[in-house]
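Counting from 358, one number per residue, gives the positions in the sequence shown under the working numbering.
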Amino acid sequence: SVDFRLGQTFMVFEHSRFSYIDPRHPQSIGDAMRTIVVNEDDPFIMQPGDFALASTMESLELPDDLLGRLEGRSSIARLGITVHSTAAVFEPGWVGTATMELSNLGRMAVALYPGMRICAFSFETLSSPVTTPYRLKKNNKYAGQTNPQASQLSEENALEEA
Numbered sequence: 358s359v360d361f362r363l364g365q366t367f368m369v370f371e372h373s374r375f376s377y378i379d380p381r382h383p384q385s386i387g388d389a390m391r392t393i394v395v396n397e398d399d400p401f402i403m404q405p406g407d408f409a410l411a412s413t414m415e416s417l418e419l420p421d422d423l424l425g426r427l428e429g430r431s432s433i434a435r436l437g438i439t440v441h442s443t444a445a446v447f448e449p450g451w452v453g454t455a456t457m458e459l460s461n462l463g464r465m466a467v468a469l470y471p472g473m474r475i476c477a478f479s480f481e482t483l484s485s486p487v488t489t490p491y492r493l494k495k496n497n498k499y500a501g502q503t504n505p506q507a508s509q510l511s512e513e514n515a516l517e518e519a
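Rendered as structure tokens:
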């Protein structure tokens, strides 16, 4: 596996402004989130129960016959921090930074610093290249990202209705 480092950009939900998120209304998702850029030497503090999107410093470019898996690091997990909720697989043809869904499951606040090793990628070689790599798919909502992005679930709904 290959370790990746935590980037400087985070996205957090602004609970005080919105009582809920409606995935059918894209403005609901984007408006409910605030972007925070942390200086290199400053911590991003995750309180117990906090959730934040963050990206890796490193960018990933997968060939059409290689699948990537993002996994948390044990040393980070032992602090109560998870680095992904469900989005661990990066399809062949992926290009961009990895967005992580950070959560603090512990009972104490945890300081996370840009540049710290936060996750690890493992890779699986496929028996043949995929027919349509992620970067060429019609619904490649997150291809080429350089910072964390809010959920694009509303785009899926629009595609399903079309």
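Yeah, the Cβ is synthetic: ideal placement off N, Cα and C, and Gly gets one too. This one's a predicted model, so the numbers in the text were calculated from it and none came from an experiment.
Can you round the beta-carbon distance between GLY429 and GLY463 to whole angstroms, since I take them to be within the 8 Å contact cut? Within the sequence shown, residue 429 is the residue found at index 72, counting from 1. Within the sequence shown, residue 463 is the residue found at index 106, counting from 1. Between GLY463 and GLY429 the Cβ distance is about 13 Å, and since that is not below 8 Å, they are no contact.
Give me whichever residues DSSP pairs with VAL452 in a beta bridge. Here residue 452 corresponds to residue number 95 of the sequence shown, with the count starting at 1. Beta-bridge pairing links VAL452 to GLU418.
Within 9 Å, strictly: CB atoms of TRP451 and ARG391: Taking the first residue of the sequence shown as 1, we reach residue 451 at position 94. Taking the first residue of the sequence shown as 1, we reach residue 391 at position 34. No. Outside cutoff.
Name the two residues that bound the continuous alpha helix (DSSP H) containing ALA468. One-based indexing of the sequence shown puts residue 468 at position 111. Note, ALA468: premise wrong, no alpha helix (DSSP H); beta strand (DSSP E) at 467 to 469.
Given a cut-off of 9 Å on the beta-carbon distance, is the pair PRO471 and LEU410 in contact? Residue numbering aside, residue 471 sits at position 114 when the sequence shown is read from its first letter. Residue numbering aside, residue 410 sits at position 53 when the sequence shown is read from its first letter. Contact: no.
Less than 8 Å between the CB atoms is what I'm expecting for ASP407 and ASN461, so what's the real figure, rounded? The residue labelled residue 407 in the question sits at position 50 within the sequence shown. The residue labelled residue 461 in the question sits at position 104 within the sequence shown. ASP407 to ASN461, Cβ: 5 Å. Contact.
Outcome for THR488 when other beta-carbon atoms lying within 10 angstroms are tallied against a minimum of 16: Within the sequence shown, residue 488 is the residue found at index 131, counting from 1. The residue in question, THR488, is exposed, as its Cβ has fewer than 16 Cβ neighbours within 10 Å.
Quick one: which unbroken alpha helix (DSSP H) runs of 4-plus residues sit fully inside the segment 481 to 518? Chain order, please. 510 to 518
Residues near LEU516 by beta carbon distance below 8 Å, same chain, minus five either side: One-based indexing of the sequence shown puts residue 516 at position 159. Note that LEU516 has pLDDT 47, beneath the 50 cutoff, so the model's placement of it is unreliable and the number below is only indicative. Only LYS495 and ASN496 meet the Cβ criterion.
Using the Cα positions of ASP388 and PHE361, report the straight-line distance between them to the nearest angstrom. Counted from its first residue, the sequence shown places residue 388 at position 31. Counted from its first residue, the sequence shown places residue 361 at position 4. The straight-line gap from Cα to Cα measures roughly 29 Å.
Report the CB separation of GLY425 from GLN502 in whole angstroms; it is logged as a contact under 8 Å. The count along the sequence shown starts at 1 and reaches residue 425 at position 68. The count along the sequence shown starts at 1 and reaches residue 502 at position 145. Contact flag wrong, Cβ pair sits at about 14 Å.
CB MET403 to CB GLY364, shorter than 9 Å? As a first step, residue 403 must be located in the sequence shown, where it is residue number 46. As a first step, residue 364 must be located in the sequence shown, where it is residue number 7. Contact flag unset, no.
Which residue comes first and which comes last in the beta strand (DSSP E) that contains ILE393? Taking the first residue of the sequence shown as 1, we reach residue 393 at position 36. From DSSP, the beta strand (DSSP E) with ILE393 extends over 390 to 394.
With a threshold of 6 Å on Cβ separation, who are the neighbours of ALA519 within its own chain once the five nearest residues in sequence on each side are excluded? Position 162 of the sequence shown, counting from 1, holds the residue named residue 519. Caution is warranted here: a pLDDT of 45 is assigned to ALA519, below 50, making its placement in the model unreliable, and no coordinate value can be reported.
Tell me the rounded alpha-carbon separation between LEU417 and ALA455. Here residue 417 refers to the residue found at position 60 of the sequence shown. Here residue 455 refers to the residue found at position 98 of the sequence shown. Cα to Cα, the separation comes out at about 7 Å.
Pick from CYS476, TYR377, SER358 and SER373 that is closest to THR439, judged by C-alpha positions: One-based indexing of the sequence shown puts residue 439 at position 82. Checking every option, the nearest Cα to that of THR439 belongs to CYS476.
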